[in-house]
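In this note's numbering, the protein residues as written are 10 to 116. The structure appears right after this line, and notes come after that.
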Amino acid sequence: NIELRNKGILKISKLRAFMLEALRLHPPVPISGSRLIKDGGLTLDGTPYGGKRYNVPVGTMPFINVAAIGKEPKYWMKDFDEAKRGTVDMDQIHLEFWLDEQGQFSK
C-alpha cells in the first residue's frame with residue numbers, strides 16, 4: 010500500500026507523469042516575471058536561430074512565456090531528439106515523455 014501524501018504520491022509513476030503533463034499543458038502561471046535586469050543590461054543573441062541581437066537595458070523587467078516553453082520539448086525534455094520524436098502534437102497528453110519502457114518515471 011502506498012500512502013497518498015507528500016512523497017508517497019511520487020512513487021506512483023503514471024500519476025506523477027500525468028500531473029507533470031497537466032502542469033505542462035496548463036501552467037498555474039502562464040507568464041513569469043518579477044526579475045529585474047541589473048548590472049549593465051543584457052544582450053540576447055538570436056542570430057544562431059535566424060533572429061537578431063537585442064540589447065535589454067538596465068531596469069527592464071522581462072516576462073517569460075511559461076506556457077510557450079511547455080509546448081516546445083527541446084526546452085524542458087532532457088536529451089530531446091527531434092528526429093526520433095518526429096512531429097508531435099504538443100497540445101496532447103504524452104505520458105511516454107516521462108516514463109521509460111518499463112513504465113517507471115525517468116526524468
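Even for Gly, the Cβ is constructed at its ideal location relative to N, Cα and C. Given the structure is predicted, the values throughout are model-derived calculations rather than measurements.
Taking buried to mean at least 16 other C-beta atoms within 10 Å of its own C-beta, is residue i buried or exposed?
i: G120; result: The question about residue 120 has no answer, for the chain in this structure spans 10 to 116.
i: F106; result: buried
i: G79; result: buried
i: A92; result: exposed
i: A26; result: buried
To the nearest angstrom, how far is the alpha carbon of residue i from that of residue j?
i: I21; j: R33; result: 18 Å
i: T56; j: V65; result: 16 Å
i: D100; j: E30; result: 10 Å
i: Y84; j: Y63; result: 21 Å
i: V67; j: N74; result: 21 Å
i: K61; j: D109; result: 39 Å
i: G50; j: H103; result: 39 Å
i: M70; j: T52; result: 14 Å
Looking at the unbroken alpha helix (DSSP H) that takes in residue i, where does it start and where does it end?
i: R33; result: 22-34
i: Y84; result: 82-85
i: I118; result: Because the chain is modelled from 10 through 116, residue 118 falls outside the range shown and cannot be assessed.
Where does the unbroken beta strand (DSSP E) through residue i begin, and where does it stop?
i: V65; result: 62-65
i: T52; result: 51-54
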